[in-house]
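What follows is a set of notes on a single structure, which appears directly below.
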């Protein structure tokens, strides 16, 4: 069932207060999400290579337990490695063939770390615990049933929206800039564990950023604060380009306090607080559009690591945002749109219980003028859901 209805709430940009968060590349939650998703992609690739189809797996119960380090100005050492627990379910055998699931999982996590964390040695700084097991007969049987598309393996709801507000755009772009190759070349002393919190009050934006400096690059407390000031000025220049605000205020590493030595500065040995301060868990990070937006509706599913062909907790979450973007960009007069999708366990994923668009229209536009076009977008997206799932299995759509 497709339902197109008017959105009766106030647009995000019209609300007095807006709060938006983004956890960046080296944040422990982002690490967990990304590595579990990397495992799912690697397993999907192996299943397709061996059997021509993605088999049952859900790698969405990951935990990164913080390690322990000794830090000093100019260096330090790892005292206890981080520990990565890779869970939940996977297919280990199909017919007479065995799949080396633990090896694939660990290799995928290590590969992601090599590509994204400059100073984390995947061999030395992380211990791996694979706690995957075969799935239940009923859920794995979904993959043996006939039909053009898989049955949903859960009754689950998802929500997506578009477009981003200026606040959401500013928060997302700032984190991406701080973790860009360009920025890291300019400031190699900065770590990847970036967190940006944006608060808009009316037309004024307040940004709070946490990002460590690396022990190896900082010679003293004085050196730390000099480098911090330079980085802050660069952030201010970049954020000043964001449009739609009367003023932008930026705060950086606000727990710092001069005169307290190592206790008053945010230093990191490896670039992530998971080295000694903070653990990570799948589902606690960004939503699939890369943001945690408090003024928007949010689902509770952890999309990272879920299988891309039957688990609607992943498929519908990504698809809801994709459809919302399509509605906004292809239908004239749409100001803001929210998409809600609901599955029923066992029902083919191209047949949701309900697919709803809540549409905020420009003044003077009527819902009847866009109704059929909106329904066509839903029909088109669900008609190609098998292709969409294949794209998901290859990692085409970021999920954090």
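Numbering (the numbering used here), first residue to last: 3 to 402. Using N, Cα and C, we set each Cβ at its ideal position, and we do this for glycine too.
- The Cβ-Cβ distance between residue 195 and residue 251 does not fall below 8 Å.
- With a cutoff of 8 Å on beta-carbon distance, residue 179 and residue 121 are scored as not near each other.
- Around residue 203, the same chain offers 18 and 19 as residues with beta carbons nearer than 8 Å, after the five sequence neighbours per side are excluded.
- Residue 221 holds the alpha-carbon nearest to the alpha-carbon of residue 264 among 8, 293, 221 and 368.
- Two segments are said to touch when three or more pairs of C-beta atoms, one from each, lie closer than 8 Å; by this definition the region 63-79 does not touch the region 227-245.
- Around the beta-carbon of residue 214, 16 or more other beta-carbon atoms lie within 10 Å, marking it buried.
- Residue 153 and residue 349 have their alpha carbons spaced roughly 5 Å apart.
- Annotated as proximal: residue 317 and residue 351, with beta-carbon spacing under 8 Å.
- Residue pairing by DSSP places residue 65 opposite 87 and 283 in a beta bridge.
- The continuous beta strand (DSSP E) containing residue 249 extends over residues 249-254.
- Following the DSSP letters along the chain, one finds residue 169 inside the alpha helix (DSSP H) bounded by residues 168-180.
- Between residue 32 and residue 200, the gap from beta carbon to beta carbon reaches 8 Å or more.
- Secondary structure remark: continuous beta strand (DSSP E) runs of at least 3 residues inside the region 19-59, in chain order: 19-25.
- Between residue 5 and residue 298, the beta carbon gap of about 20 Å keeps them out of contact (Cβ cut-off 8 Å).
- When rounded, the separation of the alpha-carbon atoms in residue 186 and residue 60 is 34 Å.
- Sequence-distant Cβ neighbours of residue 210 in its own chain, meaning closer than 6 Å and more than five residues away, are 199 and 253.
- When the beta-carbon positions are compared, residue 336 and residue 372 come within less than 8 Å of each other.
- The Cβ atoms of residue 307 and residue 132 lie no closer than 8 Å to each other.
- Per DSSP, the unbroken alpha helix (DSSP H) holding residue 228 starts and ends at 223-241.
- The Cβ atoms of residue 168 and residue 249 lie no closer than 8 Å to each other.
- Taking a C-beta distance under 8 Å as the contact criterion, residue 26 and residue 217 do not qualify as a contact pair.
- Counted as a single uninterrupted DSSP element, the beta strand (DSSP E) harbouring residue 129 occupies residues 128-132.
- The Cβ-Cβ distance between residue 72 and residue 129 does not fall below 8 Å.
- If the five residues before and after residue 311 are omitted, its C-beta is found closer than 6 Å to the C-beta atoms of 56, 152 and 391, all from its own chain and listed in chain order.
- For the pair residue 290 and residue 329, the CB atoms are not nearer than the 8 Å cut-off.
- Judged by DSSP in its simplified three-state form, residue 194 adopts coil rather than helix or strand.
- Rounded to whole angstroms, residue 219 and residue 227 show a C-alpha spacing of 12 Å.
- Burial state of residue 356 is exposed, judged by a 10 Å Cβ sphere holding fewer than 16 other Cβ atoms.
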